[in-house]
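Residue numbers (our numbering), protein chains in the order written: chain A, 41 to 153; chain W, 5 to 117.
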Amino acid sequence: DQQVKQNSPSLSVQEGRISILNCDYTNSMFDYFLWYKKYPAEGPTFLISISSIKDKNEDGRFTVFLNKSAKHLSLHIVPSQPGDSAVYFCAAVGTDSWGKLQFGAGTQVVVTP
Amino acid sequence: GEEVAQTPKHLVRGEGQKAKLYCAPIKGHSYVFWYQQVLKNEFKFLISFQNENVFDETGMPKERFSAKCLPNSPCSLEIQATKLEDSAVYFCASSKSKSQPQHFGDGTRLSIL
């Protein structure tokens, strides 16, 4: 049962524009959410996280928004750069299963010149 | 070290043989996690440790999989009597504390022939 869903398998965006990646979850016990970026043949690299007590967290070009009532979060990357081309994973962990990250299926982002 | 180090990068075994994978967490990190990525983008939690103690092993197939984190040694994940379905990339991650994100190694690709 997939508790974290990324419904867009791919996203193409022009360099300099905004990339918006979406993620939905079903488990109301999730209280900590993370975004990871992954290049081929490498491990996931941590980008940014957000606790359920917040609705926004910003770090440089990356901003994560959390809408608890809709069980939805999004990652905004602005401006997008060629080096941002990678697979992005949304992950969540809950109070009932600390440390056991539940991952979405990932979104392949391609930044074009 | 500053990164999670996983060895070997690639391991090939015949069906029925034993496979052993190693992970050195980031220095100062008390928590270690193992994940299995079978399909291209699907991560499955296996087990977590707090120092040398098992924290959560609910994801482990207990019949053939075992794992250890001993003091002053890399953590290890061992698979006895490997099956074709064990072919996957195995990722190790570590975190400093319960409130910190997990940082991943580059994985070990296990191929069972």
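Think of the CB as a built atom: it goes at the ideal place given N, C-alpha and C, for glycine as much as any other residue.
Query                                                                                                                               : Result
Interface positions of the stretch 138 to 149 of chain A facing chain W (Cβ-Cβ less than 7 Å), listed along the chain               : Trp138, Gly139, Lys140, Leu141, Phe143, Ala145, Gly146
Chain-order list of residues whose beta-carbon lies under 6 Å from that of A/Val150 (same chain, five-residue window excluded)      : Ser52, Ser125
Contacts around W/Leu117, its chain only, beta-carbon distance under 6 Å, and the 5 residues preceding and following it disregarded : Gly18
Check: W/Gly18 C-beta below 6 Å from any heavy atom of the ligand FAD                                                               : The ligand FAD is not among the ligands present in this structure, which contains no ligands whatsoever.
Closer than 7 Å at the beta carbon, the chain W residues around A/Glu82                                                             : Asp110
Cα-Cα separation, W/Ile83 to W/His107                                                                                               : 23 Å
A/Lys77, buried or exposed, once every other Cβ within 10 Å from all chains shown has been counted against 16                       : buried
Classification of A/Ala81 by the beta-carbon crowding that lies within 10 angstroms, buried from 16 upward                          : exposed
Per-residue contacts from A/Ser52 into chain W (C-beta, under 9 Å)                                                                  : Those do not exist, as A/Ser52 stays about 18 Å from chain W at its closest Cβ, beyond 9 Å.
Beta-carbon gap between A/Trp75 and A/Leu115 smaller than 7 Å                                                                       : yes
The stretch 136 to 143 of chain A in contact with the stretch 98 to 105 of chain A per 3-pair CB rule at 8 Å                        : no
Every unbroken beta strand (DSSP E) within the stretch 73 to 97 of chain A, with a cutoff of 3 residues, ordered by chain           : 85 to 91
is_contact[A/Phe86, chain W] using C-beta, thresh 7 Å                                                                               : yes
Buried versus exposed, by CB contacts within 10 Å (16 or more), A/Leu61                                                             : buried
A/Thr147 versus A/Lys45: straight-line alpha-carbon distance, rounded                                                               : 10 Å
Residue-chain proximity (A/Ser89, chain W), Cβ-Cβ < 7 Å                                                                             : yes
Cα-Cα separation, W/Glu7 to W/Gln41                                                                                                 : 20 Å
Classification of W/Ala85 by the beta-carbon crowding that lies within 10 angstroms, buried from 16 upward                          : exposed
Partners in chain A for W/Lys102, counting only beta-carbon separations shorter than 7 Å                                            : Trp138
Nearest candidate by alpha-carbon position, reference W/Arg113, set W/Lys44, W/Val93, W/Glu89                                       : W/Val93
Which of helix, strand or coil DSSP assigns to W/Leu74                                                                              : coil
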